[in-house]
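Protein chains: 2
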Amino acid sequence: MLISIIGLGLIGGSFAKATTARTNHTVAGYNRTKSVLEEALRCGAIHKIVDSKTLNESDLVILGLYPELSAKYVKEHAAEFGKNTVVIDTSGTKTKICAELQGVAEEYGFTFIGCHPMAGKEKGGFKNADESLYCGASFIMATTEQNEKTAMVEQYAKDLGFSMIKRTTPAEHDSMIAFTSQLPHVLACAYILDKDAPNHKGFSAGSYHDVSRVARINAPLWDELFIENKDFLIPHIDSLIENLQLLRGAIEASDHQKLTELLTIAGETKKRID
Amino acid sequence: MLISIIGLGLIGGSFAKATTARTNHTVAGYNRTKSVLEEALRCGAIHKIVDSKTLNESDLVILGLYPELSAKYVKEHAAEFGKNTVVIDTSGTKTKICAELQGVAEEYGFTFIGCHPMAGKEKGGFKNADESLYCGASFIMATTEQNEKTAMVEQYAKDLGFSMIKRTTPAEHDSMIAFTSQLPHVLACAYILDKDAPNHKGFSAGSYHDVSRVARINAPLWDELFIENKDFLIPHIDSLIENLQLLRGAIEASDHQKLTELLTIAGETKKRID
Chain C
1 MLISIIGLGL
11 IGGSFAKATT
21 ARTNHTVAGY
31 NRTKSVLEEA
41 LRCGAIHKIV
51 DSKTLNESDL
61 VILGLYPELS
71 AKYVKEHAAE
81 FGKNTVVIDT
91 SGTKTKICAE
101 LQGVAEEYGF
111 TFIGCHPMAG
121 KEKGGFKNAD
131 ESLYCGASFI
141 MATTEQNEKT
151 AMVEQYAKDL
161 GFSMIKRTTP
171 AEHDSMIAFT
181 SQLPHVLACA
191 YILDKDAPNH
201 KGFSAGSYHD
211 VSRVARINAP
221 LWDELFIENK
231 DFLIPHIDSL
241 IENLQLLRGA
251 IEASDHQKLT
261 ELLTIAGETK
271 KRID
Chain S
1 MLISIIGLGL
11 IGGSFAKATT
21 ARTNHTVAGY
31 NRTKSVLEEA
41 LRCGAIHKIV
51 DSKTLNESDL
61 VILGLYPELS
71 AKYVKEHAAE
81 FGKNTVVIDT
91 SGTKTKICAE
101 LQGVAEEYGF
111 TFIGCHPMAG
121 KEKGGFKNAD
131 ESLYCGASFI
141 MATTEQNEKT
151 AMVEQYAKDL
161 GFSMIKRTTP
171 AEHDSMIAFT
181 SQLPHVLACA
191 YILDKDAPNH
201 KGFSAGSYHD
211 VSRVARINAP
221 LWDELFIENK
231 DFLIPHIDSL
241 IENLQLLRGA
251 IEASDHQKLT
261 ELLTIAGETK
271 KRID
C-alpha cells in the first residue's frame, strides 16, 4: 500500500517509524516544520514527501495533527484524495470530527474513519516517536461498519503491533475517553497545583510519580480536547469530586467502618476490572 | 551487627532479604504467621528466630508492623531491649508514634527513631518482598538529632540501597506524606469509584493505569493511616477539590485562555520540581 502520514509529531512519527519498520508499505510524509521532514527522510521513517499526486494515489492517509488542524487539512485537500483513499485521524475526541469529515468524505467520494490509537508519552515530537509505541495498545475505530475498508485499517493496525481493535460509536468513544484519558490528565494537573508539590523530594515515591506523571502536559492540545469534550468530561469531574467528598467525610468523622468499606470497594473494583 | 526484624510482610520481609543479600549482619526475624517465618528461614532471608535474648542483644530492631501494632509491640517488649538497642519503625505516620515511643524508650533506656522507607508495592506479603525494593528510594528519619545511633541507622539504610536519607521532624513528615503518598491513594480510590471504571478495557492506556494503580489498596492499613493523619490530609484533599473546581470552571465556560494558563502552570511546575 501507499500510506501518507500528515504531521510527524509523536503520533504521526510513530506511525511512520512503525510502518517502515514492520511492514512493506511505502510511506510518504508531510510535516510543517521542514527540518523534521528532512530528519524523517534521513532516518528512513518515510520514503518520500507527500504531494498532490501522492494523496490521490494513497490507499491510506493518516492525520497526525491536532484535532482542529486535522479537520482543516481534510477540507483543504478534499478534492485531492482518490476514490479509494481511506483517511483516518488520530485525535482524542470523535463526535465532532466524525460528523464533520464523514460529510466531506461523502461529498468528495473518499472514505473517512475516525480512529484513536490509545498510546502516548508525556514528551512529544518526532524525536520521541518510537516504532514500538503502539505495541500492546488498543486501536479504537469510531465506526461499527464492517467492510473491505475497515478490514484494511484493522489489518494495518495489527501489523503495527496494536494488540486490540476496539469498535465503538463516536459518542461512546468520547464518553469513555473522558474517563480513561481526560480525567487522569485533569486530576494530575489539579494534584500538582498543590502548594506542597515543590517540596516533594525525599518524601515521594511511586504513588506521587504515577499519579502526577501526565501533569507534564501539552497545554494547548489538552485545552482543545477538554473543552471540545466538556459535555462528557464534566460529569466525570463531578463524580470524582463527589467520591473525594465521600472519602473526606469518612476521614473527618474518623468513621473507620465507612472508610474501610469505601476503600474495600475501590480495591476490589480495581482488582476485578484490570 | 545483630538485627531483629519484627513482622515479615512486604516491608519487613524486604528489609530481611536486603540485609542478608547486601550486608554481613546477622538477621533474626519474627512473624505471627508461622508458615511465613519458616519460609523466611528456609529461603535464607533470616538466620534465626527472634527471642527475648535476641531482642536484648540486638543493635537494631526494625518494626515491620501496622502502626498500632508497632506501638503495642514496643510497649510489651520495652523491658527486653538492651541499653544499646536502637528500635526503628517503618510506619507511614510519625507524630503519634514518635511522641508515644520516645517516652517509652526514655523510661526503659533504649533508643527509638521513627523512620519511613519510601517504597512499597500494591501487592503485600513476604512473597512479594524483594531485596531490591529499597534501591534508589528515600529513607526518612523523623529526627533532626545527629549522633552515633542516627549515623549507624543512616549507614545501614545506605547499605540496603536507599539513595537518599531525608532528615525531618515528625510534623513535617506527616504533612508532606499526606501530599506525596496519602493523597495519591485517596484520589486513585475516588477515581476508580467512577461508574464507568468497569468498562475501561479497550479505551484505556498509560494514564488510566498510572492514576489508578494504587487503588489496589490495603484497606485496613490505609484506613488507619488516613484517619490518624487527618489533620494533615484533609487540607490536601480540600486543595485538590479546589483545583479540580478551578479546572472544571474553565472547561465549563470554554475559557481557553484560563484553562491553558492553569494547564501551563501545572505542566511547568511538574517539569521544574521533578
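Chains as they are written, first to last, in our numbering: chain C, 1 to 274; chain S, 1 to 274.
Just so you know, even glycine gets a beta-carbon here, dropped at the ideal spot from N, CA and C.
Note that the coordinates shown come from a computational prediction; the quantities given were computed from them, not determined experimentally.
Alpha carbon to alpha carbon, what distance is there between R167 (chain C) and T93 (chain C)?
15 Å
Do we get a CB-CB distance below 8 Å when we pair S269 (chain C) with the residues of chain S?
According to the sequence shown, residue 269 (chain C) is Thr rather than Ser. Interface residue, yes.
Test: A266 (chain S) CB closer than 8 Å to a CB of chain C:
yes
For the region 201-224 of chain S, enumerate the residues whose C-beta is nearer than 9 Å to any C-beta of chain C, in chain order.
K201, G202, F203, S204, A205, G206, S207, Y208, H209, D210, V211, S212, R213, V214, A215, R216, I217, N218, A219, P220, W222, D223, E224
Looking at C-alpha atoms only, which residue of C:D130, C:P220, C:L8 is the closest neighbour of R32 (chain C)?
Of C:D130, C:P220, C:L8, the residue nearest in Cα terms is C:L8.
Could you check whether the Cβ of N128 (chain C) sits closer than 8 Å to any Cβ belonging to chain S?
no
Buried or exposed (CB count within 10 angstroms, at least 16 for buried), C43 (chain C)
exposed
G267 (chain C), DSSP secondary structure in three states:
Three-state result, G267 (chain C): helix.
Contact criterion: CB-CB distance below 8 Å. Does T26 (chain S) meet it with respect to chain C?
no
Is it true that the region 197-212 of chain S meets the region 194-207 of chain C, where meeting means three or more beta-carbon pairs spaced less than 8 Å apart?
no
Should D89 (chain S) go down as buried or exposed, given a rule of 16 or more other Cβ atoms within 10 Å for buried?
Answer is buried; the Cβ neighbour count reaches 16.
Return helix, strand or coil for K48 (chain S), following the three-state DSSP convention.
If DSSP states are grouped into helix, strand and coil, K48 (chain S) belongs with the strands.
Just mark A18 (chain S) as buried or exposed, buried being the case when its beta carbon has 16 or more other beta carbons within 10 Å.
buried
Against chain C, does Y66 (chain S) count as a neighbour if the rule is that its beta carbon must be under 8 Å from one of theirs?
no
Could you compute how far the alpha carbon of T85 (chain S) sits from the alpha carbon of A171 (chain S)?
If you draw a straight line from the Cα of T85 (chain S) to the Cα of A171 (chain S), it comes to about 25 Å.
Against chain C, with Cβ distances strictly below 8 Å, would T90 (chain S) count as a contact?
No, no contact with chain C.
The ligand FAD and V214 (chain C): does any heavy atom of the ligand fall closer than 7 Å to the residue's C-beta?
This structure does not include the ligand FAD; it has no bound ligands of any sort.
Host alpha helix (DSSP H) of F15 (chain S) (start-end)
First-last of the alpha helix (DSSP H) with F15 (chain S): 10-22.
Can a CB atom of chain S be found closer than 8 Å to the CB of K17 (chain C)?
no
Would you kindly check if the distance between the Cβ of I3 (chain C) and the Cβ of S58 (chain C) is under 8 Å?
yes
Nearest-angstrom beta carbon gap, I6 (chain S) and V50 (chain S) [assumed within contact, 8 Å]:
7 Å
Per-residue DSSP class, three states only, for M118 (chain S):
coil
Alpha carbon to alpha carbon, what distance is there between E100 (chain S) and S181 (chain C)?
45 Å
Against M164 (chain S), what residues of chain C qualify as contacts under a CB-to-CB distance less than 7 Å, listed in chain order?
G202
Stretch-stretch touch, CB-based, cutoff 8 Å, three pairs: the region 236-254 of chain C with the region 263-272 of chain S:
Three or more beta-carbon pairs separated by less than 8 Å are not found between the region 236-254 of chain C and the region 263-272 of chain S, which leaves the two stretches without contact.
Grouping DSSP H, G and I as helix and E and B as strand, with all else coil, what is T93 (chain S)?
Three-state DSSP puts T93 (chain S) in coil, outside helix and strand.
Have a look at S:L221, S:G120, S:I165, S:I140 and flag the residue whose alpha-carbon is nearest the alpha-carbon of Q257 (chain C).
S:L221
L259 (chain C) and N128 (chain C) closer than 8 Å at C-beta:
no
Comparing the C-beta of T180 (chain C) with each C-beta of chain S, is any distance below 8 Å?
By this cut-off, T180 (chain C) is an interface position.
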